[in-house]
Amino acid sequence: MNISAYQVIRRPIITEKGLGVKETQHTVVFEVAVAATKTQIKEAVQKIFKVKVAGVRTGIFHGKFRRRGRAEGHRRDWKKAYVKLVAGEKMIEYADNL
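In my numbering, the protein residues as written are 609 to 706.
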């Protein structure tokens, strides 16, 4: 599947846990396309942020069933990627202004 690097990475996930992992384990967290593979995620991060990636861990989260009155639906499925950078590599700074 051909998908551009900017379609693979949807957005950074900026949470307390994500910032803790960033500081202690040299790892950044992104929401990525559900169809993206670990190799595609690695190549996208290397291309966009100009850093070297040591490894990628992913998890798929299934959308929850929701109701609003009688209307039923469910949230979309999404995928989270923990991207570990090579030791000595500069950290991706997307959360400096928080």
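For every residue, glycine included, the Cβ atom is placed at its ideal position computed from N, Cα and C. Computed from a predicted model, the values in this text were never measured in an experiment.
Neighbour-count burial assignment, residue i, 16 or more Cβ in a 10 Å radius
| i | result |
| --- | --- |
| V691 | buried |
| I649 | buried |
| K630 | buried |
| A662 | exposed |
Alpha-carbon spacing of residue i relative to residue j, whole angstroms
| i | j | result |
| --- | --- | --- |
| A641 | N610 | 12 angstroms |
| L627 | V664 | 17 angstroms |
| R656 | A679 | According to the sequence shown, residue 656 is Ile rather than Arg. Near 41 angstroms, if we compare the C-alpha coordinates of A679 and I656. |
| I622 | M699 | 14 angstroms |
| R676 | A695 | 48 angstroms |
| F638 | T632 | 17 angstroms |
| Y614 | E624 | 25 angstroms |
Contacting residues, own chain, Cβ-Cβ under 7 angstroms from residue i (five flanking each side not counted)
| i | result |
| --- | --- |
| I668 | V642, D685, K687 |
| G681 | R674 |
Contact belief for residue i with residue j at Cβ below 8 angstroms, rounded distance in angstroms
| i | j | result |
| --- | --- | --- |
| L693 | K660 | 7 angstroms |
Residue i: first and last residue of the uninterrupted alpha helix (DSSP H) it sits in
| i | result |
| --- | --- |
| V616 | 613-616 |
| V653 | 646-657 |
| V661 | Per DSSP, V661 belongs to no alpha helix (DSSP H); it is in the beta strand (DSSP E), 661-669. |
| V642 | Run containing V642: none; DSSP gives neither H nor E here. |
| K630 | 624-633 |
Endpoints, the beta strand (DSSP E) within which residue i is located
| i | result |
| --- | --- |
| K687 | 686-693 |
| G681 | 679-682 |
Chain-order list of residues whose beta-carbon lies under 8 angstroms from that of residue i (same chain, five-residue window excluded)
| i | result |
| --- | --- |
| T635 | V629, Y690, V691, K692, L693 |
| R619 | F638, E639 |
| T666 | V640, K646, I649, K687, K688, A689, Y690 |
Same chain, Cβ closer than 6 angstroms to residue i, five either side skipped, listed in chain order
| i | result |
| --- | --- |
| G671 | H682, R683, R684, D685 |
| V653 | V661, V691 |
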